[in-house]
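Worksheet: one structure, shown below.
Numbering (the working numbering), first residue to last: 34 to 988.
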C-alpha cells in the first residue's frame with residue numbers, strides 16, 4: 034500500500050481564518066487517529082454523514098476507511114498538529130463517476146477546511162479519470178449542499194426518497210478558478226493580518242543583556258507604544274526592561290497572538306511547539322543559524338516551517354529583521370530597527386534582514402511614510418506572495434515596494450501581481466542570484482526573461498534601491514500620467530537641457546524647456562507651471578528650482594503646491610537638490626508624514642525623469658484593460674493530449690525517443706507525413722537541452738518540470754484549475770521527440786514540408802514533387818543559426834544539382850540536406866520558442882531570425898497562455914521589431930498573423946505541461962501570412978503539478 038502512496042498529493046494549506054493545516058492521503062497507520070477524530074464528532078455531524086446514529090466505528094469500518102488503493106478509492110485528511118480534523122473521500126461507482134463524502138470536526142467547522150479538501154480531492158479525481166462526483170445529502174445538511182454548490186463547478190440536484198442527490202461536474206470552469214482564487218486571497222490575507230495586527234505580543238528570549246537581540250525587539254516594541262500587552266519570556270529572570278517576565282510562553286495567563294522568537298537556533302523548534310500549545314497565531318523568528326549556515330541549518334529551517342504549519346502557525350523568518358505596522362490602532366515595531374518611518378501609504382517587503390535597518394532608515398530620511406513593513410529573512414514560510422494578498426485589500430496601502438532576493442513560486446507571484454497592479458502599483462528590485470539560506474530554488478531563466486515576465490505582469494522593475502524609493506515616492510503622492518508628454522520648467526538653461534535629453538533617452542516626449550532664469554521667483558514659477566499644466570499637450574511636469582543664491586524658496590514651493598494640487602497630472606521636482614519629501618513641498622495632514630499631492634524632490638533632474646519614465650510605462654500598461662486569452666478556432670486539445678500521451682507511453686525507459694534515430698518527423702501542409710528535418714536530441718537521461726535560438730533561455734529543463742495536463746478542449750491555457758481528466762504523474766522520464774507537425778496542426782498551425790535527400794538526383798526529384806522554386810539547405814536544426822547553410826530561389830534541376838554539389842564539397846558526402854519549397858518573398862525570418870520552466874511554467878520566446886539578432890540575444894518572453902495584447906507586446910518588445918513594420922528598407926509584413934501564431938503557440942504551451950520544449954525555427958512572416966519552415970518538439974512526463982497549477986497550497 035505504501036509503495037502506491039501519492040506523495041505529491043500532500044500540501045500545507047491556509048484556512049479561511051488564516052490558520053494552517055496539512056492535507057495528505059490517508060494511510061493504514063491513521064486508524065487510531067481516525068478513531069480519536071470520530072470520538073470528537075457531535076451526534077448531528079455523525080447523523081448527517083451516515084443518515085443515522087453511529088456512536089463508534091467498528092474495527093472493520095476503520096480498516097476499510099484507512100485502507101484505500103489511491104485510484105478507485107481515495108481519502109484525504111486534514112491534520113493540525115497530530116490530530117485529524119477532517120476527512121474527505123471518494124469511491125468510484127462507475128466509469129468516470131464516484132461518490133463523495135466528507136466529515137469535519139465540529140470545532141473546526143466554518144474554517145474553510147471542507148472547501149480546501151474538496152479542491153484537492155477534485156484534483157486527485159481528475160488525475161484518476163473521475164469526471165463527476167455524486168453526493169447523497171440530507172435536506173437539512175445545508176452546509177454540504179452549500180459547499181458543493183459554491184465550489185464553482187457545474188452542479189445539478191434532484192430530490193427523491195427524502196434525499197437530495199447532487200451531481201458535480203469536475204471539469205474546471207472560469208467560475209471554479211475565480212472561487213479558488215478568491216478563497217486563496219481571503220485566507221492568505223487574513224493569515225498576514227493576524228501577524229500585523231496582533232492584540233498581544235510575547236518576546237521569547239528577551240534578556241537583560243544590553244544590545245541583545247531579544248532585548249532590542251522588546252525595547253523597540255515598547256518605544257513604539259504598541260497598543261496591546263507585551264510579555265517578555267525568559268526562563269530565569271523576573272523582569273526585563275521594567276516589564277514582568279515569564280519563564281515560558283505557556284506560563285502567560287492571557288492569550289498571545291504573536292510571538293517574536295530570539296533564542297538560539299537549536300532551541301527554536303521547542304519554542305514553536307510551546308507556542309502551538311499556547312494557541313499563538315504567528316511567529317517572527319529573528320534568530321539566525323538556519324539555512325544560511327549550511328545543510329544542517331537548512332534541515333532545521335525546513336523542520337521549523339513543517340512544525341509551525343502543521344500546528345496552524347505562519348512564520349516570518351528565520352534570520353529576519355521583523356515586522357512593523359504604523360497603524361495608530363496597533364503601533365507595532367517588532368523589529369531590530371530602532372527607527373521606523375511614520376504613517377504612510379506604502380507597504381514595504383524586504384527579504385534581506387541585514388539590509389532592513391538601512392532601508393527603513395533611508396525611507397525615514399526621505400520623509401516617506403509606510404503602512405507596514407515585513408522582513409522575511411530566509412523566507413521559510415511567509416513570502417512576498419502572502420504580503421501581496423494582504424496589501425491588495427489593505428485600505429492603508431496604495432503602493433507596494435518589494436526587495437526580492439528569491440521567488441518561491443514565481444508563477445503565482447506574476448499571477449497575483451498582474452491582478453493587483455491593476456489597482457495598486459508594485460515596484461520591485463530583484464537582486465541577482467538566490468542566497469543560500471532561502472527556501473527557494475535558483476531561477477533558471479536569464480535576467481532579461483524575468484524582466485520581460487515582470488513587465489507582462491505590470492510590475493515596475495528597477496535596478497537598485499535608490500530607484501525603488503525614487504519611483505515609490507512619486508507613486509505615493511502624485512497621480513498617474515496619461516501619457517509621455519513632459520513639460521519642463523526650470524531656472525537653469527543647462528539643467529533644462531539635461532532634463533530634456535534624459536526624457537528623450539527614457540522614451541518620453543519633452544516639450545521645449547521653459548527657462549525662467551536664475552532670478553525667477555514664486556510668481557514666475559507659478560505662472561509658468563500653470564500654463565504648462567493647462568495645455569492638452571502635457572501629461573506631466575518636471576520643475577527644476579536650483580537658485581544660485583538663497584531666496585524665497587518656501588514661497589516658490591507653496592506656489593508649486595497651489596498650482597498642482599487640483600490638476601490630475603503628476604509634478605516632480607529637483608528642489609535645491611533635496612532627495613525625498615522636502616518639508617516645504619508637503620501637503621500637511623496634521624501628522625509628521627506628507628499627504629497626497631505632496632511633490633517629491635530628486636537630487637538631479639535625470640533622477641526625476643528616470644522615475645517619471647517608469648511611472649509612464651506603468652500607467653500605459655494599466656490603461657489597457659485586462660482581457661482573457663481569445664477563443665481560437667481550429668483547436669483540438671484532446672487530440673494533442675492523445676499524441677503526447679501516446680508518445681510518452683511508448684517511450685522505452687532510459688532512452689531518448691525520436692520518430693526515427695536522431696530525427697523528428699515533419700509533414701506536408703495537408704497533414705501527410707514527410708521526412709525528418711529536426712536534429713538529434715542531446716541524449717541526456719535526466720534533462721533536455723532548452724537553449725533557445727538566441728541562447729537565452731538557459732541550459733536545461735530540470736526533470737521536475739511539468740504538471741497535470743491542461744483542460745478539456747475549449748478552455749485556454751491549461752484551464753483555470755490547471756488540471757485535466759485522466760492525468761497521471763510519474764517519475765520524470767527522458768526527453769521524447771515527437772512529430773511537431775501533427776502536434777502543431779492540433780492548434781491550427783502548419784509546418785512546411787521538407788524532404789531529406791542524400792544525392793543530387795533525390796534533390797531534383799524532391800524539388801519536382803514539391804514544386805518550383807525550392808531551397809536546398811543543411812538539415813541540421815542548428816543550421817539556421819549559421820550563415821551559408823541555405824541556397825534560395827532555385828528554379829530548375831541544374832540549379833538544384835549545383836547547390837547539392839556545393840554542399841557535398843563543403844560538408845562531405847554523408848551530410849544530410851533538405852529540399853523545401855521556396856516561401857513567398859519578401860518575408861522577415863523570426864524564431865518562436867517554448868520551454869516548460871520549473872518555476873514559471875510555460876514561457877514563450879520570440880525574436881528575429883537574423884544572425885545579428887541571434888548574436889545579440891534580442892529576444893522577448895511572455896508567460897503562456899497569451900492574450901492578444903501579450904502577443905502584440907511580445908512582438909514589439911525586441912529591439913529589431915521595426916524591421917517587421919516596414920522600416921530600414923524592409924517591407925511591411927503580416928504582424929497580425931504573427932501575433933495569432935504566438936497566441937496559438939501559447940495556448941499549446943498552456944494546455945500541455947508535457948511539452949518540455951518547442952522550437953519553431955524559422956517562422957517567415959510574409960506580406961499576408963506566416964510560414965513555419967522548421968519545428969522541433971520535445972516531451973517529458975510531468976513529475977507533478979505545475980507551481981500554482983492546482984488546488985491551493987503553500988509553496
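All residues carry an ideal CB built from backbone N, CA and C; glycine is no exception. The structure displayed is predicted, hence computed values, not measured ones.
Excluding the 5 residues preceding and the 5 following residue i in the sequence, name in chain order all residues of the same chain whose CB lies nearer than 8 Å to its CB.
{"i": "residue 530", "result": "546"}
{"i": "residue 430", "result": "378, 379, 380, 404, 405, 424 and 457"}
{"i": "residue 86", "result": "76, 79 and 80"}
{"i": "residue 188", "result": "181, 182, 199, 200, 201 and 202"}
{"i": "residue 330", "result": "298, 322, 323, 324 and 470"}
Identify which residue in the options has its Cα closest to the Cα of residue i.
{"i": "residue 510", "options": "645, 329 and 208", "result": "645"}
{"i": "residue 380", "options": "390, 339, 965 and 428", "result": "428"}
{"i": "residue 296", "options": "880, 271 and 248", "result": "248"}
{"i": "residue 13", "options": "513, 616, 551 and 624", "result": "The structure shown does not extend to residue 13, since the chain is modelled only from 34 to 988, so the question has no answer here."}
{"i": "residue 54", "options": "342, 204 and 439", "result": "342"}
{"i": "residue 315", "options": "323, 236, 376 and 327", "result": "236"}
{"i": "residue 368", "options": "350, 915, 416 and 362", "result": "350"}
{"i": "residue 961", "options": "193, 185, 846 and 856", "result": "856"}
{"i": "residue 913", "options": "935, 963 and 885", "result": "885"}
{"i": "residue 972", "options": "223, 956, 957 and 946", "result": "946"}
{"i": "residue 480", "options": "279, 890 and 875", "result": "890"}
{"i": "residue 318", "options": "356, 281 and 142", "result": "356"}
{"i": "residue 774", "options": "89, 676, 499 and 73", "result": "676"}
{"i": "residue 996", "options": "578, 122 and 394", "result": "The requested residue 996 does not occur in the structure, where the chain is confined to residues 34 to 988."}
{"i": "residue 135", "options": "67, 554 and 194", "result": "67"}
{"i": "residue 489", "options": "894, 171 and 566", "result": "894"}
{"i": "residue 11", "options": "119, 811 and 826", "result": "Outside the displayed span of the chain (34 to 988) sits residue 11, for which this structure offers no information."}
{"i": "residue 860", "options": "958, 149, 264 and 623", "result": "958"}
Hey, residue i and residue j are a contact pair by Cβ (cut 8 Å); roughly how many whole angstroms apart?
{"i": "residue 146", "j": "residue 987", "result": "That pair is no contact at about 15 Å."}
{"i": "residue 1009", "j": "residue 366", "result": "A question about residue 1009 goes unanswered here, because the residues of the chain that appear run from 34 up to 988."}
{"i": "residue 522", "j": "residue 558", "result": "7 Å"}
{"i": "residue 658", "j": "residue 900", "result": "Actually they do not touch by this definition, with Cβ atoms about 10 Å apart."}
{"i": "residue 59", "j": "residue 90", "result": "Contact doesn't hold; Cβ gap of about 13 Å is too wide."}
{"i": "residue 49", "j": "residue 220", "result": "5 Å"}
{"i": "residue 358", "j": "residue 251", "result": "Not confirmed; about 17 Å, so no contact."}
{"i": "residue 824", "j": "residue 836", "result": "4 Å"}
{"i": "residue 121", "j": "residue 150", "result": "4 Å"}
Just to confirm, does residue i get its C-beta within under 8 Å of one of the non-hydrogen atoms of the ligand GDP?
{"i": "residue 135", "result": "By its list of ligands, the structure shown contains no ligand whatsoever, and the ligand GDP lies outside what it can speak to."}
Using a Cβ-Cβ cutoff of less than 6 Å, which residues in the same chain neighbour residue i once the five nearest sequence positions on both sides are dropped?
{"i": "residue 313", "result": "289 and 292"}
{"i": "residue 980", "result": "442 and 444"}
{"i": "residue 44", "result": "56 and 986"}
{"i": "residue 690", "result": "Low confidence applies to residue 690: its pLDDT is 42, below 50, so where it sits in the model is not reliable enough to give any reading."}
{"i": "residue 38", "result": "none"}
{"i": "residue 880", "result": "727, 864, 886, 891, 892 and 911"}
{"i": "residue 636", "result": "610 and 612"}
{"i": "residue 669", "result": "779"}
{"i": "residue 882", "result": "862, 863, 864 and 955"}
Please return the same chain residues whose Cβ sits closer than 7 Å to the Cβ of residue i, not counting the five positions on each side in sequence.
{"i": "residue 383", "result": "389, 392, 408 and 436"}
{"i": "residue 631", "result": "510, 614, 618, 619 and 620"}
{"i": "residue 7", "result": "In this structure the chain extends from 34 to 988, so residue 7 is not present and cannot be described."}
State yes or no: is the beta carbon of residue i nearer than 9 Å to at least one beta carbon in chain D?
{"i": "residue 581", "result": "Checking the listed chains, one finds no chain D in this structure; it contains a single protein chain."}
Between the region 902-918 and the region 941-948, do three or more beta carbon pairs fall short of 8 Å? no
For the 8 Å Cβ check, are there 3 or more pairs between the region 782-789 and the region 851-859? yes
Secondary structure, beta strand (DSSP E): runs of 3+ residues fully inside the region 387-437: 403-408 and 432-437
Under 8 Å: do the region 267-282 and the region 225-244 share three or more Cβ pairs, one atom per stretch? yes
If you scan the region 154-217 from start to end, which runs of the alpha helix (DSSP H) of 4 or more residues do you find wholly inside it? 175-182
Please give me, in chain order, every unbroken run of the alpha helix (DSSP H) with length at least 4 that falls completely inside the region 300-362. 328-343
Ignoring anything shorter than 3 residues or poking outside the region 893-971, list the beta strand (DSSP E) runs there in chain order. 948-959 and 963-965
Whole beta strand (DSSP E) runs in the region 578-617 with 3 or more residues, listed along the chain? 604-608
Three or more C-beta pairs below 8 Å linking the region 915-928 and the region 887-898: no
What beta strand (DSSP E) runs, 3 residues minimum, are completely inside the region 495-536? 518-523
With three or more C-beta pairs closer than 8 Å as the rule, is the region 122-134 touching the region 62-73? no
Pick out the complete beta strand (DSSP E) segments inside the region 797-879, 3 residues or longer, and give them in chain order. 807-811, 823-827, 850-854 and 860-870
To test your reading of the DSSP string, which unbroken alpha helix (DSSP H) runs of 4 or more residues are found completely within the region 62-143? 64-72, 76-83 and 92-99
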